[in-house]
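A short write-up of the structure that comes next.
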Amino acid sequence: QKEVEQNSGPLSVPEGAIASLNCTYSDRVSQSFFWYRQYSGKSPELIMSIYSNGDKEDGRFTAQLNKASQYVSLLIRDSQPSDSATYLCAVMYSGGGADGLTFGKGTHLIIQP
Amino acid sequence: GAGVSQTPSNKVTEKGKYVELRCDPISGHTALYWYRQSLGQGPEFLIYFQGTGAADDSGLPNDRFFAVRPEGSVSTLKIQRTERGDSAVYLCASSNRGGQQAFFGQGTRLTVV
Numbered sequence: 001q002k003e004v005e006q007n008s009g010p011l012s013v014p015e016g017a018i019a020s021l022n023c024t025y026s027d028r029v030s031q032s033f034f035w036y037r038q039y040s041g042k043s044p045e046l047i048m049s050i051y052s053n054g055d056k057e058d059g060r061f062t063a064q065l066n067k068a069s070q071y072v073s074l075l076i077r078d079s080q081p082s083d084s085a086t087y088l089c090a091v092m093y094s095g096g097g098a099d100g101l102t103f104g105k106g107t108h109l110i111i112q113p
Numbered sequence: 114g115a116g117v118s119q120t121p122s123n124k125v126t127e128k129g130k131y132v133e134l135r136c137d138p139i140s141g142h143t144a145l146y147w148y149r150q151s152l153g154q155g156p157e158f159l160i161y162f163q164g165t166g167a168a169d170d171s172g173l174p175n176d177r178f179f180a181v182r183p184e185g186s187v188s189t190l191k192i193q194r195t196e197r198g199d200s201a202v203y204l205c206a207s208s209n210r211g212g213q214q215a216f217f218g219q220g221t222r223l224t225v226v
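First to last, the protein sequences are chains A and B.
Position 35 of the first sequence, counting from 1, maps to 35 under our numbering, and the rest follow consecutively.
Positions in the second sequence are counted from 1; adding 113 to them yields our numbering.
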């Protein structure tokens, strides 16, 4: 059973602080990891991808991957009210004919002005 | 086109009826995914196409669901004998190949009454 686990929240963070979103996954052979942002009533929007251990930074966003611990996280620096959304962690499971992104249930992030 | 296009955006149908949902992926993308998202949940994988063939259909819930992609571009998700439990937002995504970042359409909201 391939699973992606996220705390559903809501996670409330004051404006300007760092928001930290966490995700664990069950399959050790996974190679591709993604963070999507989804506003209410909208489709998921890709914001970060990460494929190797360590940190990857893009503007205010940093994705962190630790394959030994099967853990991926997203940090949002200088949080803005517009960052309030549901953040979906997604893992690409490949091989054995079982391809396709598996999503967590998402973490609802609220940035308090 | 510039993005993934899904039609219709909304569909209301009566229980027991047949429906077709269409997805037009980003031009040149060989991988196409169908997901289903219920309120408060992350997207649930249904089927993945690589070109014209279904590389992984393990997410289709039962034999009432079927999808095709005859020319390796547009895909149609077909649901027979719809049930109220089929009500959800059906999302389509495409990527330039399997394992890489996927981009989503705006979804089709299906309501079975």
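Glycine is no exception: its CB is placed at the ideal position from the N, C-alpha and C atoms.
Could you compute how far the alpha carbon of ASP169(B) sits from the alpha carbon of TYR161(B)? What you label residue 169(B) is simply residue 56 of the second sequence in a count that begins at 1. What you label residue 161(B) is simply residue 48 of the second sequence in a count that begins at 1. The straight-line gap from Cα to Cα measures roughly 5 Å.
Quick one: is the Cβ of PHE162(B) within less than 7 Å of any heavy atom of the ligand SAH? Only the bare structure without any ligand can be found here, which leaves the ligand SAH out of the picture.
TYR36(A) and VAL4(A) closer than 8 Å at C-beta: For the purposes of this step, residue 36(A) is taken as residue 36 along the first sequence, with counting starting at 1. For the purposes of this step, residue 4(A) is taken as residue 4 along the first sequence, with counting starting at 1. Contact flag unset, no.
Contiguous beta strand (DSSP E) assignments of at least 3 residues, all confined to the stretch 188 to 218 of chain B: 188 to 192, 201 to 208
Scan the stretch 44 to 59 of chain A for residues whose Cβ lies nearer than 8 Å to a Cβ of chain B and list them as they occur along the chain. PRO44, GLU45, LEU46, SER49
I'd like to know whether the C-beta atoms of GLY218(B) and GLN119(B) end up nearer to each other than 8 Å. Looking up residue 218(B) in the second sequence gives position 105. Looking up residue 119(B) in the second sequence gives position 6. In contact: GLY218(B) and GLN119(B) (Cβ atoms closer than 8 Å).
Tell me where the beta strand (DSSP E) around LEU88(A) begins and ends. Start at 1 with the first residue of the first sequence, and residue 88(A) comes out as number 88. Residues 85 to 92.
Of the residues LYS67(A), PRO10(A), PRO44(A), the one placed nearest SER32(A), counting alpha carbons only: Position 32 of the first sequence holds residue 32(A). With distances taken between Cα atoms, SER32(A) lies closest to LYS67(A).
Taking all protein chains shown into account, decide if ASP58(A) is buried (16 or more other Cβ within 10 angstroms of its Cβ) or exposed. Position 58 of the first sequence, counted from the first residue, corresponds to residue 58(A). Exposed is the call here.
Chain B contact residues for GLY104(A), given Cβ-Cβ distances below 8 Å: Residue 104(A) sits at position 104 when you count from the first residue of the first sequence. Chain B residues near GLY104(A): GLY155.
Can you say whether TYR93(A) is buried or exposed, counting buried as having 16 or more other CB atoms within 10 angstroms of its CB? As a working mapping, residue 93(A) is identified with position 93 in the first sequence. Under this definition TYR93(A) is a buried residue.
Reducing DSSP to helix, strand and coil, say where PRO10(A) ends up. For the purposes of this step, residue 10(A) is taken as residue 10 along the first sequence, with counting starting at 1. PRO10(A) falls in the coil class under three-state DSSP.
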